[in-house]
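Note sheet for the following structure.
Protein chains: 2
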Amino acid sequence: MIENRRQVRTDGTGNADILETAAQCFMEQGFSATSIDDVARRLGATKGRIYHYYSSKTDLFFDVHREGLERLFQAVEPVMGIEGSGVVRLRAMLTAHAMAMMTNAAFEAVVVQGVHMHRMAATTPDQRRTLDDLIAIRRRFEGLFKQVLQEGVDDGSIRNIDISISAKAMLGAINWLSVWYRPASDETEMDRQMLAERIVTTQIDGVRS
Amino acid sequence: MIENRRQVRTDGTGNADILETAAQCFMEQGFSATSIDDVARRLGATKGRIYHYYSSKTDLFFDVHREGLERLFQAVEPVMGIEGSGVVRLRAMLTAHAMAMMTNAAFEAVVVQGVHMHRMAATTPDQRRTLDDLIAIRRRFEGLFKQVLQEGVDDGSIRNIDISISAKAMLGAINWLSVWYRPASDETEMDRQMLAERIVTTQIDGVRS
DNA sequence: CAAGTGCATACTACTGAGTATGTTGTTGAC
DNA sequence: GTCAACAACATACTCAGTAGTATGCACTTG
């Protein structure tokens with residue numbers, strides 16, 4: 001477990017705000033186009049505050065990335081163990097994933113950006129390790145879906161397909177939400193739920209027996 | 001028709017090289033993280049050459065973007081008019097799209113990046129118009145799929161689904177290729193064809209009657 | 001041979017990451 | 001109750017990188 005946060009505030013008003021604001025900026029402008037001053041300005045603060053908690057812009061990005069991944073796990077893992085055949089559980093997982101993508105749009109946009117950084121020139125060895133760590137976590141996340149896909153094939157509820165490719169395609173359809181989805185101002189939880197169901201239904205019907 | 005290229009070389013050795021190299025750089029590092037000097041260095045040249053043809057980095061990016069879109073149209077439009085029901089034509093279009101995403105990985109990665117630039121602070125009014133133009137072209141491209149989806153619903157070969165959402169999900173599954181697909185060194189056209197077929201089959205089975 | 005093309009070279013002006021240092025509260029030891 | 005240490009920032013720098021420009025120079029073309 002590598003720790004890039006210098007400190008974690010106990011009152012939850014410092015670090016969490018930085019993380020949230022950074023996620024917003026990274027979502028809107030991307031990693032490179034976002035300056036630390038941008039984040040600070042939006043926080044109503046200065047660089048000093050950010051560099052007090054994070055030793056570099058990259059570390060800040062990685063921490064947002066990690067938070068985004070954690071939220072995905074928290075959304076998907078609980079529904080993984082529900083009753084039902086493989087296809088039933090897969091549907092619940094995909095729906096939870098889609099909901100998480102919309103609810104935590106900023107953080108998950110950073111996760112998506114992170115995918116492109118695999119080959120990034122992470123300067124320090126520490127950052128390299130952190131990045132590899134994040135990649136491993138994302139692999140584990142993808143693995144959850146592959147596992148349930150396989151269980152579905154085994155119990156006959158899912159067609160005999162190439163699991164690796166199907167997983168990438170299905171997750172792609174959902175992750176693509178971070179590209180085009182922007183919350184409407186008057187949008188309710190129900191609206192998001194409807195949208196998630198529709199996307200997932202199409203994907204599930206594509207693999208169901 | 002707004003023209004951002006100052007000149008187009010007739011021998012096809014100047015501009016095309018710049019475009020290709022720029023696409024590579026933009027794919028690997030993204031727009032902001034790519035410097036004009038990066039592109040020039042990779043070309044074995046200097047900034048002078050690039051600024052001779054393009055008046056700004058943004059204009060260069062837009063031209064790569066436009067080329068990427070044109071290649072998508074050239075891949076998809078021809079197969080749109082083949083014989084067959086809606087679902088048959090849709091499958092052919094999606095497959096052509098997937099193949100184009102892999103064959104022109106660099107250019108299409110730029111197209112995907114361009115999606116995020118909708119809200120970009122395009123400085124000059126000229127650039128604003130060019131960007132709006134590109135957005136319109138992309139809308140038209142998405143429209144092709146929606147149209148055939150609708151025709152499929154009408155002729156009964158496709159289930160009665162929400163066309164707009166299904167189109168986004170299906171195209172998302174395919175566009176996601178630009179995130180994870182990297183050509184293997186010993187990869188053949190057949191390998192790509194197989195991959196495309198598998199992704200598309202899952203998507204088609206999700207909407208077929 | 002004059003005008004323009006196709007670049008390279010050599011600048012400028014600015015942004016932006018990271019640092020060094022100051023300043024104000026807070027906390028715990030005695 | 002006080003004082004030293006430290007947390008939580010703000011301020012004021014440095015310096016490398018980078019977009020864009022100005023200019024020079026060989027080579028081609030009408």
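Protein chains in written order, with full-length UniProt numbering: chain A, 1 to 209; chain B, 1 to 209.
Think of the CB as a built atom: it goes at the ideal place given N, C-alpha and C, for glycine as much as any other residue.
On a predicted model such as this, the values are computed, not experimentally measured, just so you know.
{"query": "Per-residue DSSP class, three states only, for I82(A)", "result": "coil"}
{"query": "Selection of the stretch 146-174 of chain B by Cβ proximity to chain A, strictly under 9 angstroms", "result": "R159, I161, D162, I165, S166, K168, A169, M170, L171, G172, A173 and I174"}
{"query": "N160(B), buried or exposed, once every other Cβ within 10 Å from all chains shown has been counted against 16", "result": "exposed"}
{"query": "Nearest-angstrom Cα separation, counted from Y51(B) out to S164(A)", "result": "44 angstroms"}
{"query": "Any C-beta of chain A under 8 angstroms from that of D191(B)", "result": "no"}
{"query": "is_contact[D205(B), chain A] using C-beta, thresh 8 angstroms", "result": "yes"}
{"query": "Limits of the alpha helix (DSSP H) - the one that F145(A) falls within", "result": "P125 to D154"}
{"query": "Closest residue to residue 214(A) among H118(A), H116(A), R66(A) and A40(A) (Cα-Cα distance)", "result": "The requested residue 214(A) is not part of the displayed model; chain A covers only 1 to 209."}
{"query": "Coil, strand or helix - R42(B) by DSSP", "result": "helix"}
{"query": "Heavy atom of the ligand PLP within 7 angstroms of I204(B) beta-carbon", "result": "By its list of ligands, the structure shown contains no ligand whatsoever, and the ligand PLP lies outside what it can speak to."}
{"query": "Through-space distance from F26(B) to I205(A), alpha-carbon basis", "result": "Checking the sequence shown, residue 205(A) turns out to be Asp, not Ile. C-alpha separation (whole angstroms): 36 angstroms."}
{"query": "Per-residue burial, T202(A) [other beta carbons within 10 Å of its own, 16 or more giving buried]", "result": "buried"}
{"query": "Within-8 angstroms CB hit, R119(A) to chain B", "result": "yes"}
{"query": "Contact with chain B by L144(A), beta-carbon distance below 8 angstroms", "result": "no"}
{"query": "Start and end residues, alpha helix (DSSP H) containing G30(A)", "result": "Element bounds for G30(A): n/a, residue is neither H nor E."}
{"query": "Chain A within 8 angstroms of R198(B), Cβ atoms only", "result": "yes"}
{"query": "Whole-number beta carbon distance between V64(B) and A105(B), since they are thought to touch under 8 angstroms", "result": "No, A105(B) and V64(B) are not in contact; Cβ-Cβ is about 13 angstroms, not under 8 angstroms."}
{"query": "Coil, strand or helix - R159(B) by DSSP", "result": "coil"}
{"query": "Assumed close pair M173(B), A173(A) - CB separation to whole angstroms, cut-off 8 angstroms", "result": "Note on residue identity: the sequence assigns Ala, not Met, to residue 173(B). The Cβ separation is near 4 angstroms, so the contact holds."}
{"query": "Where E83(A) falls, given that 16 or more other Cβ within 10 Å makes a residue buried", "result": "exposed"}
{"query": "Short CB-CB distance (under 8 angstroms) between S32(B) and chain A", "result": "yes"}
{"query": "Residues that H116(B) contacts on chain A, provided the C-beta gap is smaller than 8 angstroms", "result": "G30 and V179"}
{"query": "Straight-line Cα distance separating P78(B) from M120(B)", "result": "33 angstroms"}
{"query": "Cβ shell of F141(B) (< 7 angstroms), same chain only, five flanking positions each side left out", "result": "L69, L72 and F73"}
{"query": "Beta-ladder partner(s) of R208(B), from DSSP", "result": "I158(B)"}
{"query": "Contacts that L195(B) makes with chain A (C-beta to C-beta distance below 8 angstroms)", "result": "I165"}
{"query": "Proximity below 8 angstroms, CB of F61(A) to CB of T130(A)", "result": "no"}
{"query": "Any chain B beta carbon closer than 8 angstroms to T202(A)", "result": "yes"}
{"query": "Alpha helix (DSSP H) segment containing S185(A), residue limits", "result": "No alpha helix (DSSP H) contains S185(A), which DSSP labels as neither H nor E."}
{"query": "Same chain, Cβ closer than 7 angstroms to K47(A), five either side skipped, listed in chain order", "result": "I36, D37 and A40"}
{"query": "L94(B) vs M190(B) beta-carbon contact at 8 angstroms", "result": "no"}
{"query": "Classification of R89(B) by the beta-carbon crowding that lies within 10 angstroms, buried from 16 upward", "result": "buried"}
{"query": "8 angstroms Cβ shell around L134(A) - same chain, five flanking residues per side excluded", "result": "F62, H65, R66, L69 and G114"}
{"query": "A109(A): first and last residue of the uninterrupted alpha helix (DSSP H) it sits in", "result": "A105 to H116"}
{"query": "CB contact flag (L144(B), M102(B), <8 angstroms)", "result": "no"}
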